[in-house]
Structure formats: structure tokens, C-alpha cells
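Chains as they are written, first to last, in our numbering: chain A, 1 to 365; chain B, 1001 to 1278; chain C, 2001 to 2289.
Cβ coordinates follow ideal geometry from the N, Cα and C atoms, glycine included.
Values in this document were obtained by computation on a predicted structure and should not be read as measured data.
Taking it in order: structure first as C-alpha cells, then the write-up.
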Amino acid sequence: MSSLVLKDIHKAYGDTLVLDRVSLEVSAREFIAFLGPSGSGKSTLLRIIAGLETPDGGEVWLDGRRIDALPPGDRGVAMVFQHYALYPHMTVRENMAFGLRNAGVPRHEIDARIAQAAQVLEIEAQLEKKPGQMSGGQRQRVAIGRAIVKQPKLFLLDEPLSNLDAALRTRTRVELAQLRQRVDAALIMVTHDQAEAMTLADRMVVLNERRIQQMGTPMDIYARPANAFVARFVGSPAMTLVPATVAAGDGRFVRVRLGSGAEVMTHVPRAGLADGAPVSLGLRPEHVALAPADAATLQGDVILVERLGDRTFVYACLADGMEIIAQDVGSSAVRFGDRVGLRIDGNAAHLFEADGTGRHAEAAP
Amino acid sequence: MSGASPRAGLSGPVLALLLVGAAVMLTPMLWTLLLSVKSNAALLGDSGAALSPPYTLENYRAILADRLTSRWLLNSLIVSLGTTAGVLVLSSLAGFAFARLDFPFRRSLFLFVLLGLAIPEQAVILPRHQLFAELGLHNSYPGLILPGLTGSFGVFFMTQYFRAIPRELDEAALLDGASRLRLFWSVLLPLTVPAQATLGVFTFLASWNDYWWPLISATTSDHYTLTVGLASAQMNYAQTSGLGFLMAQAVFASVPILIVYIIFQKQIVRAMAGTAVR
Amino acid sequence: MKLPARIEGLAFVAPFLLLYGVVLIWPLLMGIGISFHRADLFGAREWIGLGNYATALADPVVHQAIGNTLLLALLIVPPLTALALLLALALNRATRGAAVFRGIFFSSSVLSVTIVTLIWRFILTPDAGLLAVAADALGRTPLPFLSDQALVIPAIAMTTIWWSLGFPVMLFLAGLQQVPADVYEAAALDRAGRWTTFRHITLPAIRRTLLLVVMLQTAGQLQLFGQAQLLTGGGPGGGSRTIVLAIFEVAFGRWELGYATALAEILFAMILVVTLLQYWLVTRREDAG
């Protein structure tokens, strides 16, 4: 059963359109990530669900109840804010109790819920402290605790990891993963970090330019990006897009010709693509390997070597100025300025039409 | 204070000049203090006598026994505390609304309030005297308190302070189901305590020291504030009990504000650093 | 929930706006109206148009008062500003000693005008003042500060500077705090001397504060009243009568409310013109640069 339903959500600030007829369904207990660059409308969408912004059109339903006209406190949602938004003058206990008191929850019930949440989040010792006396990680937990005690039907998390340092971020990711196991509610997280979204979410909603670009499981989106934007935005380092044209032929799959004249055979079905049509060849680094310069059809000069230890990304510049990223072993001996050969795994390559629409290999080779 | 210039200590010549300056600041006060602890008789011929003993507290005893002086003290306390409380309440309510709520003519009304910063008291005081006469407000506490509540500065100050509080807090409170009144009272107002203290101290000092308005509004000696009462004593110097008594009155009248100043000194400095200069 | 929220906002500002309108704005407008009348304190009114303003322009007492007021502002504002800036520069450091000095230089500001004049009367007066006692001890004749035409204005200026020093010092200190320390470090690395640093780093950085101090002080000193009234009563021979003191005398000595109000409007205009001129002079150069 669907928990949250958004129908045709529309929003503009003055003349600036920020959300253009966005529709979405979230299942019960599902963890959704809204992923997109800043200005994509993802935060606005979250705030419309919370009731902090009023949409110009459209409907918001939660558990079969239409909520878009309700005040934020009556919607059955809880939110963890980017900067936590803990009340600085209240103790941790008071912070968690504030919303429950406003809702008229009986005192003993408030105490019980706080005690349980504090135990789960391991902040029992901090209950009488004020936020100013706590570390960033502890504040983050209190913010989560304040959401948990409300027992909402939907959790909203606004960039929950963006304020934490690298070590804490990893730990909090684990905690968020555990949180979704513990609570009987759906979760929506807003983030601009694709790695976060891929790690935590059951499904990702990629937003850009006021619209949902693609919805799907992380691996589905990674493997079959709907368009060039999604392809570039999801995955790190980003997918390389090389301009190419469809080469003449009559096989089942498309063969493309690159600017340098080299041709690449893909596993993308030919249907509907005219000969000579301009396309972009999409290559993830793991689908481009290094080869001796004279043994490959494509050569480039190395302009950057990014060593991650277990593997190495090699950025190469082709004769026509295009840049391609290849993946090599961790012990790669390639150095800046080397001329290298590039071997493209055409079976895994993607094609993007002139309007950005993605076409993908028929099946894994 | 952070951000002081790199050289920490005061160099010799600068220190010497500062000491001279401090002496110029303090000597008049010390002189007043000395005069206040001399008997009126001893000062009659030669005020230089104040520089040597014997000293006495008889002037202070006389003040405490003086019905009028204690009455003035009470008036000053009521007027200053009333003004301060009123300014804090009105400025907080208006500042919260201007900073956080949306209502018709919000921007124009705020500009209208800011206009008040440019209006000198002189342009208002005579017609107001006329208006209060018609309303029968002279020689009353409301008559002394109401003009002090119209200052735009407090509203401006509190609006700026409310604006500086992150909006996320409002949103968290909204999600916590708080009404606007609850948001104001339980969430935001407690965060403005430092601003309340600062605004309160300045309002109290200004009200305590106000001279022009109480001088023309309170015309019977029972309704004088300390400031006005002392002025009347000063101008009728010939009829007072003498120099020592007058000076003791001055010291006596300064004690409350000096106490307020010493308690809130840090607040005053911090507030100026934070708000007066943008 | 939209409509109530919009009304709610008005309810929060209404109490202040009501008082502001009735006790400040309404009298302001009333005053402009009264200034066109021959009016006394007891309600008699007769429309005379610009009659009061014409009288003021020809009134030697008013000329003298305007002259005295401008002279006082000139004798007070520049030295007060310079002194305050110097003190702030010296005291802009985090030491205990600097904090004590800051406290001392601000202490006089919390006193009321009544106390200040009381203190200074018994410094300046030639029969029992501290300066007279000192002069006696040195075998000199005490100067009659409060009864000599030539000395009375400087004496009031001195008293006022002593009283008003604290606030500008605090404002300058606040302004100096906003100058980032690394700018000074960069200047030191560039081998800038003390004067160069002040002239090219500090002064431009606190330009706005300087403007604020000068504007506030000018507006304040043009309204100088209590010191003149209490120290000298405007004497001798009107030699220390300021505009506000003249307004006070006309209104509460001669009961001529209409004329007094017209004088107040003239002062209001003077203050607006002078402060706006200062603002324009400073910001104009900013725009050009």
C-alpha cells in the first residue's frame, strides 16, 4: 500500500517555476532519496510535504488522508533539519518533549517514549544537557530522537549528513540505515551526494530543472540512466559523454563513429536510430581500460592520474580534445603526459540521443 | 574581547596619557563624593575644607529622613521600571511580527516605524504637552511613562535580533505543532534574553536620566522624578540645606544607575559590538 | 489557516503602532499645525500663517541662540569625536587594564544631566568650585567660568564632552572589532607604519562608524538643553542660551506656544539638513571611489 502520494505538485516563486507537475508514490516503510543539484527543487518538494511551503497546485496524501491543507504539526510527519534546529534553551529532554506536549500526549507516555528513544540512540546520559554542550554527532542524534518520539508515519531528512565531518558521516550513515529498520514509517531524505543516496535508499528520485528526471532503485539508475543528466549526476567519477554519430549499417546493434574516426560497436538496439544521427557515447570509467598505445584503436595523453589505492582513474585527452576517464589497477604505472591506448567495452556503453534520452545495452554481456 | 590589535600591552606614553584622562574623568566624581561627606557648616566658608577630615554621613541621614527625596526616588523607580517593561513587551511583540509574520502593509509599516528614528524630541514635545494637558495626563505615572514607549529604536533592535535567529527553529516548532503564540513565547522569546537585557538597560538609563519631559509634565513636587527634583533643588540652591546635602543627593540619585551599569557592563559592550554598527 | 495568520501579525504590532501614532506622530503633525497659529498654552488659537516663522527670522534672541548652539556643536563634536577615536584605538585590546579604562571612560555617561551639572557647577563656580580651590592654592584669582560671556560656552562644551565621551568610545570600539586582524598582519608585512596603517587601513574600515558618531552627536548637541539651563540659565546676557532653551523659555516663560513650536520646527529642519548633509558628503565620496 502506498504511504505517501504526490499528485501534480506545482510551485513557483513569482515568475520562477521551481516544481513542474511532480507526481510520486512512496510505499509504506520505503526509504526514498531525493537527489539533485542545488536549485533542482528537491528541498522545496520536501518542504511542501512537511507543510513548510504551500504548493500552487497539486495534492499531497499520506496514509489515505489528504494533508496539503493541514498545518505542519497535524500531518503526521517529522523532520530532521539540516542544521538540526534544536531549541538551544531547552535540554535534550525538553527538546524531545516539546512536540508531544503540544500534541497533548499524556505525561507518562512522553517520559516513556523519550526514555526508549534515548536508549536506542545512546543519548541517555545527555538528556539533561543543552544542545550547546554537545558535539555535532550528538546533536544529530538528538534531532533524530526528536523525530522518533513523535512516531510519525513519515520521516523527512534534509541533508542529514552535510554538516558532519568524514568520519562521523560514515557512522551516521550506519545509524540512518539502522533507523529505517527500527521505525514503522517511510523515510525521505534530501541530498546532493549521490553516494549517500545510493548507499541508503531503496529508491532514488533524481530531480533537475524542476522535474523528476528518473525514479528507481540505485542500481537501476546507475545501470540504465534515463538521460544524459542522470548519467552524469549519478556515479563518481562521472560518466564520460563522447560526441559521436551513428555509423551506417544494418546489424541489430548500433555502431558509432567518434570524432577521431574510430568506431565502437555497442550492444544498444538499433531500432529508431537513423544513420548519421548525432549521439553521445556514454562510458563509465570501469568500461574503459588501458592498453598499449599501438594496440588500441583510440589513443590519448594522460592529463591526470587519480590514485585511490585499490584502483586508479586515468584522465586522458583524445586527439580531438575530448576527455575520457579510464579505470586501471591500483598499482598502475601510468604517469602524467604518457600516451596511452584506450580499450572501450562497447557492450556496456550507453548512447544518448541529441535530446538527452538514454538508450542502453540490451542485456549484460 | 576578541580581535584586539596584535600588540597586547599598553605602551608607556599611551598609558601615561590614559591615566591623566582617567584622572580627569574621576576627579569630578571624587570631588562630589568628598563634598557629600562634609557637614554643611564646614563647607560654608571654604569648600576646600572637603579635602581634609573630619568626614560625616549626616547629609545621607538627612536625605533618608527627607520625605520628598524618597518620594522622588520611588517616582523614578516606578517610571523607569514601567517604561522599561513597556518597551520590552511592545518591542518584542512588534519585532517578532516584523521579522517573522506576514501581514498586510508589513514593509510600509516597518518603514513608518523607522521614520521615528529621525524625529527629534524637540519637534514633538510641546504639542505632546498640549495633548497630555487635554487628556489630563500631567502629574501622573502614565503621563511620564507613555512618551518613553514610542521609541522606534527598540522595535528596530528587536526586529534585527529576531531576524538573526535561524528560521529552521520556527519550522521545527511548526512541525512540533506549536501555534504562533507558542512559537513566540516558548521558542523564540527565550532566545532573545541577551537582547532584552541590553535594550532594558539602555531604556532604564535613558528613562532614569530623562529631564526635558518630566520637567514640563510633572509640575508638583510630589510627582517629580529624582532628576527633576534634584534640578529644582539645584536651582534653589540658596534655599537648600547646603552644599554637602546637595552633593549627597547627587550621589544618592546616581547609585541606582551605577549599580545597573556595573551589573550590565558586559552586556552593554557586547550589544554595541553586535548591533550598533553594521 | 491563511487569513487568521495575516490578522495575527497585525495584532502583534498594533499595541506599539497605536502608542507610536498617538503619542509621537500625532503630536508631530499637531506641532506643524500649531506653528502656523498665534497660540498660548491655554488653548487660544489664531491663524497667522508663516507669521511665527517671520518673527523668528527677525528675532535677535533667536539669532543669538542659533549662533550659540552652532558654536557649541562646533566646540563639542569635533574634539569629542577625535578624543573618542583616540581612546578607542588605545583601548581596543583584550587586557584587564584596557577593560578598567573602558569602564572609567564610560562611567560619566550613565549620570543624568542634573547630576553632571551639579558636579560641574561645583568645579567651575568661582566661589566654591574645585578649580577655584586649586587656583587659591596656587595664589591665582579663580576664573568666572559661568558668568563671563567669553568663558561660558567653552565651559558648557567642556562639561558636555566630559559627560558624552563614553558612548562614542563604545561605538568606535565596536567598529574597530569588525576590522579583521589579518588585515593588520598583512599591513605589518607590507612594512606599513603606524600612521599609514591608521590612515589607509583603520580609517576606511570604520568610516561608517565615524559617520554614525558624527551624525548622532551633531543631532544630539544641536538639542543641547539641560546643561545650559541648569549651569547658567542661558546667561550671562543670553550668552549661553541654546535654541532648545529659547524654546523652553518662550513656551513656559512667555506661554507663547505657537512661536515656541515654530522655533522647534526650525530646529527640526536644521537637524535634518545638517545630518543629511553629513551623510551625503560621506556616502557621495564612497560612491565615487
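Inter-residue spacing [alpha-carbon to alpha-carbon] between isoleucine 2104/C and valine 1251/B: Here residue 2104/C is taken as the residue at index 104 of the third sequence, counted from 1. Here residue 1251/B is taken as the residue at index 251 of the second sequence, counted from 1. In this structure, the straight-line span from the alpha carbon of isoleucine 2104/C to that of valine 1251/B is close to 17 Å.
Three or more C-beta pairs below 8 Å linking the segment 11-29 of chain A and the segment 52-59 of chain A: The segment 11-29 of chain A vs the segment 52-59 of chain A: in contact.
Short CB-CB distance (under 7 Å) between leucine 1044/B and chain C: Along the second sequence, one-based indexing puts residue 1044/B at 44. Among the residues facing chain C, leucine 1044/B is not included, as its CB has no counterpart in that chain under 7 Å away.
Integer Cβ distance of valine 288/A from leucine 24/A, believed to fall under 8 Å: Here residue 288/A refers to the residue found at position 288 of the first sequence. Here residue 24/A refers to the residue found at position 24 of the first sequence. The pair is not a contact, with the Cβ atoms about 35 Å apart (cut-off 8 Å).
Contact set between aspartate 74/A and chain B, taken where Cβ atoms lie within less than 8 Å: Mapped onto the first sequence, residue 74/A falls at position 74. Annotation: Cβ neighbours of aspartate 74/A in chain B (cutoff 8 Å, chain order): Gly1177.
C-beta neighbour in chain B for tyrosine 87/A, strict 7 Å: Position 87 of the first sequence, counted from the start, is the residue given in the question as residue 87/A. Closer than 7 Å: yes.
From Leu2111/C, Glu2249/C, Gly2235/C and Pro2015/C, residue whose alpha carbon lies closest to that of tryptophan 2162/C: Taking the third sequence and counting its residues from 1, one reaches residue 2162/C at position 162. Residue Leu2111/C is the option with its Cα nearest to tryptophan 2162/C.
For phenylalanine 1245/B, the three-state DSSP class (helix, strand or coil): Taking the second sequence and counting its residues from 1, the one referred to as residue 1245/B is at position 245. DSSP places phenylalanine 1245/B in the helix class (H, G or I) of the three-state scheme.
Through-space distance from tyrosine 1161/B to leucine 161/A, alpha-carbon basis: What you label residue 161/A is simply residue 161 of the first sequence in a count that begins at 1. What you label residue 1161/B is simply residue 161 of the second sequence in a count that begins at 1. Roughly 29 Å separates the two Cα atoms.
Under 7 Å by beta carbon: chain F residues contacting arginine 2006/C: This model lacks chain F altogether, as its protein chains are A, B and C.
Segment contact, 8 Å Cβ cut-off, at least three pairs: the segment 1212-1229 of chain B with the segment 2091-2104 of chain C: Taking 8 Å as the limit for Cβ pairs, the verdict is that the segment 2091-2104 of chain C does not touch the segment 1212-1229 of chain B.
Cβ-Cβ distance between alanine 2260/C and threonine 2242/C below 7 Å: To locate residue 2260/C, count along the third sequence from 1; it is residue 260. To locate residue 2242/C, count along the third sequence from 1; it is residue 242. No.
Interface positions of the segment 101-133 of chain A facing chain B (Cβ-Cβ less than 7 Å), listed along the chain: Against chain B - using a Cβ distance shorter than 7 Å - the residues of the segment 101-133 of chain A are Asn102 and Ala103.
Supposed close pair leucine 86/A, proline 131/A - CB separation, criterion 8 Å: In the first sequence, counting from the first residue as 1, residue 86/A sits at position 86. In the first sequence, counting from the first residue as 1, residue 131/A sits at position 131. Your pair leucine 86/A and proline 131/A checks out as a contact, with CB atoms roughly 4 Å apart and the cut at 8 Å.
Near-chain C residues of the segment 1189-1219 of chain B (beta-carbon distance less than 9 Å), N- to C-terminal order: Per Cβ criterion, the list reads Leu1205, Trp1208, Asn1209, Asp1210, Tyr1211, Trp1212, Leu1215 and Ile1216.
Minimum Cβ-Cβ distance from alanine 1276/B to chain A less than 7 Å: Residue mapping note: residue 1276/B aligns to position 276 of the second sequence, counting from 1. In this prediction, alanine 1276/B scores a pLDDT of 43, lower than 50, which makes its location untrustworthy; the coordinate-derived value is nonetheless stated afterwards. No, its Cβ sits nowhere closer than 7 Å to a Cβ of chain A.
Nearest to proline 1190/B (by Cα), restricted to the options Tyr1211/B, Ile1165/B, Val1113/B and Asp1176/B: In the second sequence, residue 1190/B corresponds to position 190, counting from 1. Considering only alpha carbons, the answer is Ile1165/B.
Any non-hydrogen atom of the ligand GTP closer than 6 Å to phenylalanine 352/A Cβ: Ligands displayed in this structure: none; no statement on the ligand GTP is therefore possible.
Rounded C-alpha distance that separates lysine 1038/B from glycine 2237/C: Counting from one through the second sequence, the residue named residue 1038/B turns up at place 38. Counting from one through the third sequence, the residue named residue 2237/C turns up at place 237. When rounded, the distance between both Cα atoms is 34 Å.
Cβ pair valine 95/A, aspartate 1176/B closer than 7 Å: Working through the first sequence from its first residue, we reach residue 95/A at position 95. Working through the second sequence from its first residue, we reach residue 1176/B at position 176. The amino acid occupying residue 95/A in the given sequence is asparagine; valine does not appear at that position. Cβ atoms of asparagine 95/A and aspartate 1176/B: not closer than 7 Å.
Supposed contact pair glutamine 1122/B and leucine 2267/C - C-beta distance, whole angstroms, cut 8 Å: In the third sequence, the residue the question calls residue 2267/C occupies position 267. In the second sequence, the residue the question calls residue 1122/B occupies position 122. Indeed, because the Cβ distance is near 5 Å, the residues count as touching under 8 Å.
Element boundaries [alpha helix (DSSP H), containing methionine 1025/B]: Within the second sequence, the letter at position 25 stands for residue 1025/B. Per DSSP, the continuous alpha helix (DSSP H) segment holding methionine 1025/B begins and ends at 1012-1036.
Check whether leucine 1043/B and glycine 1244/B have beta carbons under 7 Å apart: For the purposes of this step, residue 1043/B is identified with residue 43 of the second sequence, where counting begins at 1. For the purposes of this step, residue 1244/B is identified with residue 244 of the second sequence, where counting begins at 1. Cβ atoms of leucine 1043/B and glycine 1244/B: closer than 7 Å.
Valine 183/A - DSSP class collapsed to helix/strand/coil: Position 183 of the first sequence, counted from the first residue, corresponds to residue 183/A. Here valine 183/A carries a coil assignment [DSSP, helix/strand/coil].
Integer Cβ distance of valine 314/A from valine 302/A, believed to fall under 8 Å: In the first sequence, counting from the first residue as 1, residue 314/A sits at position 314. In the first sequence, counting from the first residue as 1, residue 302/A sits at position 302. Taking the Cβ atoms as the reference, valine 314/A lies roughly 6 Å from valine 302/A, within the contact range of under 8 Å.
Where valine 1277/B sits in the DSSP three-state scheme: Residue numbering aside, residue 1277/B sits at position 277 when the second sequence is read from its first letter. With a pLDDT of 40 at valine 1277/B, under the threshold of 50, the modelled position of that residue is not reliable, and the figure given next carries that caveat. Valine 1277/B: coil per DSSP, three-state reduction.
Arginine 211/A to leucine 62/A span [Cα, whole Å]: Counting from 1 along the first sequence, the entry for residue 211/A is found at position 211. Counting from 1 along the first sequence, the entry for residue 62/A is found at position 62. A straight-line Cα-Cα distance of about 21 Å links arginine 211/A and leucine 62/A.
Assigned secondary structure, aspartate 328/A (DSSP; H/G/I helix, E/B strand, else coil): In the first sequence, the residue the question calls residue 328/A occupies position 328. Correct three-state label for aspartate 328/A: strand.
Leucine 1258/B - DSSP class collapsed to helix/strand/coil: The count along the second sequence starts at 1 and reaches residue 1258/B at position 258. It is helical.
DSSP three-state assignment for isoleucine 212/A, whether helix, strand or coil: What you label residue 212/A is simply residue 212 of the first sequence in a count that begins at 1. Strand at isoleucine 212/A.
Opposing strand residues paired with serine 27/A [DSSP bridges]: Taking the first residue of the first sequence as position 1, residue 27/A is located at position 27. According to the DSSP secondary-structure assignment, serine 27/A is paired through a beta bridge with Ser2/A.
The beta strand (DSSP E) enclosing aspartate 158/A, as first and last residue numbers: Position 158 of the first sequence, counted from the start, is the residue given in the question as residue 158/A. Where aspartate 158/A is concerned, the enclosing beta strand (DSSP E) stretches over 154-158.
Buried or exposed (CB count within 10 angstroms, at least 16 for buried), methionine 219/A: Reading the first sequence from its first residue, position 219 is the one you call residue 219/A. By the neighbour-count rule (16 or more Cβ atoms within 10 Å), methionine 219/A is not buried but exposed.
Opposing strand residues paired with valine 77/A [DSSP bridges]: Locating residue 77/A in the first sequence gives position 77, where the first residue counts as 1. The partner list for valine 77/A (beta bridge, DSSP) reads Leu154/A.
Simplified DSSP assignment, three categories, for proline 1194/B: Residue numbering aside, residue 1194/B sits at position 194 when the second sequence is read from its first letter. Here proline 1194/B sits in helix by DSSP.
CB contact check: alanine 1172/B to chain A, cutoff 7 Å: For the purposes of this step, residue 1172/B is taken as the residue at position 172 of the second sequence. Cβ-Cβ to chain A under 7 Å: yes for alanine 1172/B.
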